Amino acid sequence: MTSLSSTSVGDLWADGHRLPAGDALHLPDGTSYRVRLDPSVPAGFRLGARITGSAEEVAYVDGLVEVRLDGGGVLWGGEGDHGSQGFAARLTVGGALVWALFLEESNPFTRVVVEGREAVFRSTSGVVVRLGVEDPGSDRADAAG
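The numbers in my numbering rise by one with no breaks, and the one at position 131 of the sequence shown is 193.
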């Protein structure tokens, strides 16, 4: 991991597939929310407070699984700098970041399927997360507690 002072998530992604380290959902409007894994809810995670300020550390990510979307774009899942990290993302046709979920303790995501309007990612440790393909946080507004 490396540190940064103030760089947008989109710029991090464009500059070598990097994401802020830490459990978070990064949305297309530039906002990010803390997340907490919770297998007791259908999404597999809960959204928490909005993250303000810039990330102190970033992680390089590497894609391990890709699914092309009928309407254009790609769902991409994989690993971070450390073996325990995983990420799930939706990209444009050109590879720009639309949204990304980064998790410190999920392990790499190696399987993804589309079920209706949801992307379902599964990690090597069995963690399952569901995100809306077009709006990943719309129905996950529960407090992460």
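All C-beta atoms, glycine included, are put in the ideal place defined by N, C-alpha and C.
No experiment lies behind these values; they were computed from the predicted model shown.
Check                                                                                                                                                        : Outcome
Pick helix, strand or coil for Asp143, following the three-state DSSP scheme.                                                                                : coil
Would you say the beta carbon of Asn169 comes nearer than 7 Å to a heavy atom of the ligand MN?                                                              : The ligand content of the structure shown is nil, which means the ligand MN is not present either.
Which partner residues does Arg96 have in the DSSP bridge list?                                                                                              : Ala86
Do you know how far the Cα of Pro198 is from the Cα of Ala158?                                                                                               : 16 Å
Specify the secondary structure class of Leu165 as computed by DSSP and reduced to three states.                                                             : strand
Using CA atoms only, rank isn't needed, just tell me which of Arg192, Ala181, Ser146 is closest to Val123.                                                   : Ser146
Using the Cβ count rule (16 or more neighbours within 10 Å means buried), how would you classify Pro82?                                                      : buried
If you reduce the DSSP assignment to three classes, tell me which class Asp91 lands in.                                                                      : coil
Take Asp73 and list the residues in its own chain whose beta-carbon comes closer than 7 Å to its own, dropping the five residues that flank it on each side. : none
With distances taken Cα to Cα, identify the nearest neighbour of Asp49 among Ala76, Gly178, Ile113.                                                          : This structure gives no information on residue 49, because the portion of the chain shown stretches from 63 to 207.
Given a cut-off of 8 Å, decide if Val127 and Gly142 are closer than it, judged by their beta-carbon atoms.                                                   : no
Nearest to Ala76 by alpha carbon, out of Gly110, Val160, Tyr95, Ala117?                                                                                      : Val160
Give the secondary structure of Asp132 by DSSP, where H, G and I count as helix, E and B as strand, and everything else as coil.                             : coil
Roughly how many angstroms separate the alpha carbons of Val71 and Glu118, rounded to a whole number?                                                        : 12 Å
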